[in-house]
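When you line the first sequence up against our numbering, it's residues 88 to 234, in that order. These notes concern the structure reproduced below.
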Amino acid sequence: MKSEPDTYSIDDLARDVRTHWDGIRNYQARNMIRDHMRPGEQAFFYHSSCEVPAVVGIMKVASDAYPDPSQFDRKSKYYDPKSTKEQPRWFAVDVEFQSRLSRPVTLTEIREKKSLGDFRLIKRGNRLSVFPVSAKHWNIVQKLAGG
DNA sequence: GCCAACGTTGGC
DNA sequence: GCCAACGTTGGC
């Protein structure tokens with residue numbers, strides 16, 4: 088799961104421990120959290136759009152998907168006038184801090200690692216903020232971090 | 001349904 | 001700030 092550290096970083100999550108992962112406004116990403124994420128599953132925390140884009144930590148999915156409250160909040164930048172309580176368009180999940188990687192695994196490193204060649208993160212045109220990670224890729228990234 | 005215009009993501 | 005690679009919107 089990607090987040091811009093200027094907006095919400097692994098430090099913020101370590102402090103909050105648990106948070107609402109909201110503001111997802113892409114249908115594919117929404118489908119991912121609504122239809123495929125389950126409580127107890129693990130996820131990587133990835134810092135995007137920053138000086139050193141990198142996988143920085145591990146978190147745990149802490150809830151089922153639920154309608155993202157910000158879509159109904161007129162004052163939120165995530166407000167969606169086309170969304171109704173009866174038929175919400177957007178969903179959020181709760182996540183819990185689990186750990187930091189012993190060191191960040193940078194995007195550069197990931198690109199250089201042959202065995203991560205088919206990792207979705209570096210697939211051309213990938214802009215999804217939420218996407219599944221195979222067990223193989225999960226393990227390789229962890230190993231790179233030294234754990 | 002097509003497609004141009006526009007908006008967003010995210011690396012660089 | 002630039003730009004590629006998308007996704008979305010809306011006119012037709």
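Every residue gets a Cβ at the ideal spot worked out from N, C-alpha and C, and that includes glycine.
C-alpha distance - residue 240 paired with residue 120, whole-angstrom precision: Lying outside 88 to 234, the shown extent of the chain, residue 240 is not represented and no answer is given.
Per-residue burial, residue 90 [other beta carbons within 10 Å of its own, 16 or more giving buried]: Sequence index remark: in the first sequence, residue 90 carries index 3 (1-based). Residue 90 comes out buried.
Does the separation of the CB atoms of residue 145 and residue 185 fall below 8 angstroms? Translated into positions along the first sequence, residue 145 becomes position 58. Translated into positions along the first sequence, residue 185 becomes position 98. Yes, they are a contact pair.
Roughly how many whole angstroms lie between the Cα atoms of residue 162 and residue 93? Taking the first sequence and counting its residues from 1, one reaches residue 162 at position 75. Taking the first sequence and counting its residues from 1, one reaches residue 93 at position 6. Each residue's Cα considered, the two are about 21 angstroms apart.
Compare the C-alpha of residue 231 against each of 177, 159, 205, 193 and name the closest. Start at 1 with the first residue of the first sequence, and residue 231 comes out as number 144. Cα-wise, what sits closest to residue 231 is 193.
Helix, strand or coil, according to DSSP, for residue 177 in the structure here? Reading the first sequence from its first residue, position 90 is the one you call residue 177. Of the three classes helix, strand and coil, the one that applies to residue 177 here is coil, per DSSP.
Quick check on DSSP: helix, strand or coil for residue 146? Taking the first sequence and counting its residues from 1, the one referred to as residue 146 is at position 59. Three-state DSSP puts residue 146 in a strand.
Proximity test, residue 222 beta-carbon vs the ligand ADP heavy atom, cut-off 7 angstroms: As far as ligands go, the structure on display features none, and thus does not contain the ligand ADP.
Only counting runs of 3 or more residues, tell me where the beta strand (DSSP E) segments fall wholly within the region 100 to 169, in order along the chain. Note on the region 100 to 169: whole beta strand (DSSP E) runs with a minimum of 3 residues are 105 to 108, 129 to 134, 141 to 148, in chain order.
Check whether residue 88 and residue 216 have beta carbons under 8 angstroms apart: Sequence index remark: in the first sequence, residue 88 carries index 1 (1-based). Sequence index remark: in the first sequence, residue 216 carries index 129 (1-based). Yes, they are a contact pair.
Distance check for residue 97 and residue 156, CA to CA, integer angstroms please. Numbered from 1 along the first sequence, position 69 holds the residue referred to as residue 156. Numbered from 1 along the first sequence, position 10 holds the residue referred to as residue 97. Residue 156 and residue 97 have their C-alpha atoms roughly 23 angstroms apart.
For the alpha helix (DSSP H) that contains residue 198, what are its first and last residues? Taking the first sequence and counting its residues from 1, one reaches residue 198 at position 111. 194 to 199 is the extent of the alpha helix (DSSP H) around residue 198.
When we look at the beta-carbon of residue 158 and count the other beta-carbons within 10 Å, is it buried (16 or more) or exposed? Here residue 158 is taken as the residue at index 71 of the first sequence, counted from 1. Residue 158 should be labelled buried.
Among 115, 182, 198, 143, which residue has its Cα nearest to the Cα of residue 176? For this step, residue 176 is matched to residue 89 along the first sequence. For the residues 115, 182, 198, 143, the minimum Cα distance to residue 176 belongs to 115.
Selection from 118, 136, 211, 123 that minimises the alpha carbon distance to residue 148: Position 61 of the first sequence, counting from 1, holds the residue named residue 148. Residue 148 has its Cα closest to that of 123, out of 118, 136, 211, 123.
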